[in-house]
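Q:
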Amino acid sequence: MAEREETRVSIQVIESMLALLDALAGSAQPATLKSLAQTTGLHPSTAHRILAVMTQSRLVERRATSSYALGIRLLELGNIVKSRLNIREIALPAMKSLHVAIGEAINLGIRDNDDIIYIERSSSGRSLVRVVYLLGGRAPLHLTSLGKLFLAAESAAEVRAYAQRSGLPGKTPHSLTELAALERELDTVRRLDLAYDNEEAEIGLRCVASPIRNDEGIIVAGLSISAPTDRHDPAWAAQVKRAADEISLALGYRHPAAG
């Protein structure tokens, strides 16, 4: 009985939060507590408590005039959702062209906390011989070329924190399970703007990846080529980079050198 009551109260709070967000979204100007309470039907003290929590989470911003407006966190979350919803559709033409050109598996991945998630793949024929991670599959960042792209974009402190959280588990003798080795690898990734998986996820399989950036220059995904080691071609690095740059351009990214 107590558990059901707690659940009911929790649902009511969530519904109240959503009602306040809808009210703020419908107001062209920052809204006062009084007007928000009237719009949502909430008691002013209840609205005030919920708005305080939402302000701490940056979902709502409190102005100097004691009024409220939608917070910057919603913009951040919206941008993440936008990039993840659109990236597959935008990337597919370039992925298919790259697959036709080289005949190997082309992978698209995004970051989710400390993992890479594979959200698209273009492959057929001989490229199907080796598939480590299925679509929707996850892998620790440090074990994949795609994951290394995201780690390389982080500060030294953030990389150390990742290493501490994950413990840097290995899957093969080539896996980077020591922080110093990972840091050296990430320095190379930053210099080349490319990342490699040299049989670190599976013996006999190598990958090369290039970052995909949005209009703000933030890495939102990665594009990789994976193939058995005996078929790996160093020339693929330039090809995957061109394809990733093409997708980045479609997302609105402009390289600084281009002005």
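Each residue of the sequence shown is one higher than the one before, counting from 128 in the working numbering. Glycine included, C-beta positions come from ideal geometry on N, C-alpha and C.
Going by alpha carbons, who is nearest to T299 out of A290, D357, E329 and G349?
A: For this step, residue 299 is matched to residue 172 along the sequence shown. The shortest C-alpha separation from T299 is found at E329.
Q: Of all the options L151, K368 and P171, which has the alpha carbon lying nearest to the alpha carbon of S272?
A: Numbered from 1 along the sequence shown, position 145 holds the residue referred to as residue 272. For the residues L151, K368 and P171, the minimum Cα distance to S272 belongs to K368.
Q: If I measure Cβ to Cβ from D241 and keep anything under 7 Å in the same chain, skipping five residues before and after, which residues do I get?
A: For this step, residue 241 is matched to residue 114 along the sequence shown. Cβ neighbours of D241 beyond the five flanking positions: P267, L268, Y289, R292 and S293.
Q: If you follow the alpha helix (DSSP H) that R317 is part of, which residue opens it and which one closes it?
A: The residue you call residue 317 lines up with position 190 of the sequence shown. Taken as a continuous stretch (DSSP letters only), the alpha helix (DSSP H) holding R317 covers L306 to L319.
Q: Three Cβ pairs or more, each shorter than 8 Å: is that satisfied between the region 132-149 and the region 164-176?
A: With the cut-off at 8 Å, the region 132-149 and the region 164-176 touch.
Q: Would you identify the three-state DSSP class for R135, choosing helix, strand or coil?
A: Counting from one through the sequence shown, the residue named residue 135 turns up at place 8. In this structure, R135 counts as helix in the three-state DSSP scheme.
Q: Give me the DSSP bridge partner(s) of I237.
A: In the sequence shown, the residue the question calls residue 237 occupies position 110. Its beta-bridge partners are I244.
Q: Going along the chain, which unbroken runs of the alpha helix (DSSP H) with 4 or more residues stay wholly within the region 166-235?
A: Qualifying alpha helix (DSSP H) stretches, in chain order: 171-183 and 199-229.
Q: Classify E312: buried if its beta carbon has 16 or more other beta carbons within 10 angstroms, exposed otherwise.
A: As a first step, residue 312 must be located in the sequence shown, where it is residue number 185. The residue is buried, with at least 16 neighbouring Cβ atoms inside 10 Å.
Q: Can you tell me which of the three DSSP states A158 falls into?
A: To locate residue 158, count along the sequence shown from 1; it is residue 31. In this structure, A158 counts as strand in the three-state DSSP scheme.
Q: Identify which residue in I339, A152, P296 and A232 has its Cα closest to the Cα of H359.
A: Looking up residue 359 in the sequence shown gives position 232. Of the candidates I339, A152, P296 and A232, the one whose C-alpha sits nearest the C-alpha of H359 is A232.
Q: Skipping 5 residues on each side, what residues in its chain have a beta carbon closer than 8 Å to that of R200?
A: Working through the sequence shown from its first residue, we reach residue 200 at position 73. Result list for R200: S184, R185 and L186, in chain order.
Q: Give me the residue from L276, P355, S162 and H226 with the minimum Cα distance to N325.
A: To locate residue 325, count along the sequence shown from 1; it is residue 198. Nearest option by C-alpha distance: P355.
Q: Just to confirm the assignment, what range does the alpha helix (DSSP H) spanning S293 have?
A: Along the sequence shown, read from residue 1 onward, the residue named residue 293 stands at position 166. Note, S293: alpha helix (DSSP H), A283 to S293.
Q: Should R265 and L235 be called a contact, given that it needs their Cβ atoms to be closer than 9 Å?
A: Numbered from its first residue, the sequence shown carries residue 265 at position 138. Numbered from its first residue, the sequence shown carries residue 235 at position 108. Against a cut-off of 9 Å, the Cβ pair of L235 and R265 comes out as no contact.
Q: Alpha carbon to alpha carbon, how far is L160 from S194? Give it in angstroms, no decimals.
A: If you number the sequence shown from 1, residue 194 lands on position 67. If you number the sequence shown from 1, residue 160 lands on position 33. Going by the C-alpha atoms only, they are around 7 Å apart.
Q: At a cut of 8 Å, does the region 365-381 reach the region 216-226 through at least three beta carbon pairs?
A: A contact exists between the region 365-381 and the region 216-226.
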